[in-house]
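Participant: Be aware that the sequence shown starts at -6, since it is given in the numbering used here, and climbs by one per residue.
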Amino acid sequence: MTRAAGEAIERSALRPVPAVDEGEALVTAVSPLDGGTREIPLAPLLYDAEALRPRSAAEGAGSGGADEPTPSGAAAGGSVADAAASALLELVERDALIVAWARRLALVRVGLRAESRASGVVELLRAPLLARGGDLVVADLGTDVPGVHAVVAVVTDPGTGAGAVGARAATDLDSAVIGASREAVQALHLARTLRTAGSGCAPAIVRTEQDRAAFWSGDEALHHLLRWTATFESPDSDSPGGAEVSSPVDPELVPELLERAGLHPLVVDLTERLPVAARELGWHVVKALCPELQPLRIDEARTSSWRHDRLISAQERTGFLSASRPGEVFDVPHPLV
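Written out as structure tokens, the structure is:
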């Protein structure tokens, strides 16, 4: 319930204000590493999923890296620091998933110890899928940010022809696995619902969130996911495997983890855009940006949002082999609905 409320809160901060021209407005972006500030346009940070097309954004360095309007990198929390940590981890997650899919990386399945917190959750979610001839597979996405685990969960349900994906980055493996698995099951419910309603008609080109949901509830979705998971390798038998037992990292340390990877994130505090009632309840919302990371892609017709250096270096950075030729980008839209 709290997570759902947080998502609603963060989306409200991203929504353009009706009847107010914010096209020329600037906001202060803060480096969580050294406190340095810079002024960037507000418009590229805003997003309205209900619009027929996402708002156009000014591309290039002036936007702080937000060269396609998306909800990615926005997070709500009980403090700016907590929200910033969640937002930065989401950027790492999206980078890892989009790159892994675009380069068709052969990931390695996550091996969970039986006594781990994640193991029980995964088995609970997996059991009904197995009973229907489906499965839930969790694999390492191979982030190069030290101290951060990024994983993908893929659920398949051949009985309904549906499949879905969830992803999560966290500072402990258990949380990443649990978050990704729950998200995948939620997305599977959406795919089933759209298929039942006859709404799973793949558009000619994916340009909005609604287009992507329709594409990934279509008849080819399950095939694409099964084909990908078939390339996943088993955990290294020589590795102890399993979820690591570690203390949660202080939210204030998450930016340092990105710094160690050579990244330069920015954080914009959007709390003042929230309704007064939400602020009085203690909610804070931020939007994080990181120009070096591959951002979430919504409009597949837009080529400017690719970070080609991330794609080119994927195999070297992650250690996972790519099924594609050097420089080739998989032409099937990513499955993160």
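The beta carbon of each residue, even a glycine, is placed where N, CA and C say it ideally should be.
Should E17 go down as buried or exposed, given a rule of 16 or more other Cβ atoms within 10 Å for buried?
Facilitator: E17 should be labelled exposed.
Participant: Pick from P268, V103, D167, T21: whose alpha carbon is nearest that of R8?
Facilitator: Of the listed residues, the one whose Cα sits closest to R8 is P268.
Participant: For C194, count the other beta carbons within 10 Å of its own beta carbon; 16 or more makes it buried, fewer makes it exposed. Which is it?
Facilitator: Classification for C194: exposed.
Participant: Between L289 and A160, which are expected to be in contact by the criterion C-beta below 8 Å, what is the C-beta distance as a whole number of angstroms?
Facilitator: Going by Cβ atoms, the distance from L289 to A160 rounds to 11 Å, so no, they are not a contact pair.
Participant: So, with DSSP's three-state summary, where would you put I33?
Facilitator: In this structure, I33 counts as strand in the three-state DSSP scheme.
Participant: Below 8 Å, how does it come out for the segment 82 to 91 and the segment 64 to 74: are there three or more Cβ pairs, yes or no?
Facilitator: Yes, the segment 82 to 91 is in contact with the segment 64 to 74.
Participant: Measure the Cβ-Cβ separation of D128 and T153 and say whether it is below 8 Å.
Facilitator: Not a contact, by the Cβ cut-off of 8 Å.
Participant: Which partner residues does S315 have in the DSSP bridge list?
Facilitator: Beta-bridge pairing links S315 to L98.
Participant: I need the DSSP call for D128, collapsed to helix, strand or coil.
Facilitator: D128 falls in the strand class under three-state DSSP.
Participant: Which value, in whole angstroms, describes the spacing of the CA atoms of V322 and A120?
Facilitator: Between V322 and A120, the C-alpha separation is close to 35 Å.
Participant: Name, in chain order, the residues that DSSP records as bridge partners for D133.
Facilitator: Per DSSP, V101, V144.
Participant: Mind the definition here: the segment 203 to 214 touches the segment 167 to 185 only if three or more C-beta pairs lie below 8 Å; say whether that holds.
Facilitator: Yes, the segment 203 to 214 touches the segment 167 to 185.
Participant: Rounded to whole angstroms, what is the Cα-Cα separation between V278 and A155?
Facilitator: If I take the Cα positions, the gap works out to 34 Å.
Participant: Can you say whether I91 is buried or exposed, counting buried as having 16 or more other CB atoms within 10 angstroms of its CB?
Facilitator: Per the 10 Å Cβ criterion, buried.
Participant: Ordered along the chain, which non-local residues of its own chain (more than five positions away) have a Cβ less than 7 Å from that of V178?
Facilitator: These residues qualify, in order along the chain: L118, V148.
Participant: Which two residues bound the contiguous alpha helix (DSSP H) that contains T189?
Facilitator: First-last of the alpha helix (DSSP H) with T189: 166 to 189.
Participant: Please classify L105 as buried or exposed, where buried requires at least 16 neighbouring CB atoms within 10 angstroms.
Facilitator: Flag for L105 reads buried.
Participant: Specify, as a first and last residue, the run of the alpha helix (DSSP H) that D262 falls within.
Facilitator: It is not in any alpha helix (DSSP H) - D262 instead sits in the beta strand (DSSP E) that spans 259 to 262.
Participant: Could you please give the first and the last residue of the uninterrupted beta strand (DSSP E) stretch that includes T21?
Facilitator: Its beta strand (DSSP E) spans residues 19 to 23.
Participant: Beta-carbon within less than 8 Å of A22's beta-carbon, same chain only, minus the 5 sequence neighbours each way: which residues are those?
Facilitator: Cβ neighbours of A22 beyond the five flanking positions: T30, R31, E32, I33, G57, L259, V260, V261, L282.
Participant: Buried or exposed, going by whether 16 or more other CB atoms sit within 10 Å of the CB of V103?
Facilitator: Flag for V103 reads buried.
Participant: Taking the alpha-carbon positions, what's the G211 to R188 distance?
Facilitator: C-alpha separation (whole angstroms): 7 Å.
Participant: Which same chain residues, not among the five before or five after G126, have their C-beta less than 7 Å away from its C-beta?
Facilitator: Excluding sequence neighbours, G126 sits near P151, G152.
Participant: Would L38 and L19 qualify as a contact pair, given that the criterion is a beta-carbon distance under 8 Å?
Facilitator: No, these two residues do not count as a Cβ contact at 8 Å.
Participant: Quick one: is A54 buried, meaning 16 or more other Cβ sit within 10 Å of its Cβ, or exposed?
Facilitator: The pLDDT assigned to A54 is 43, lower than 50, so where the model puts this residue is not dependable; a value taken from the coordinates is nonetheless given after this. Exposed is the call here.
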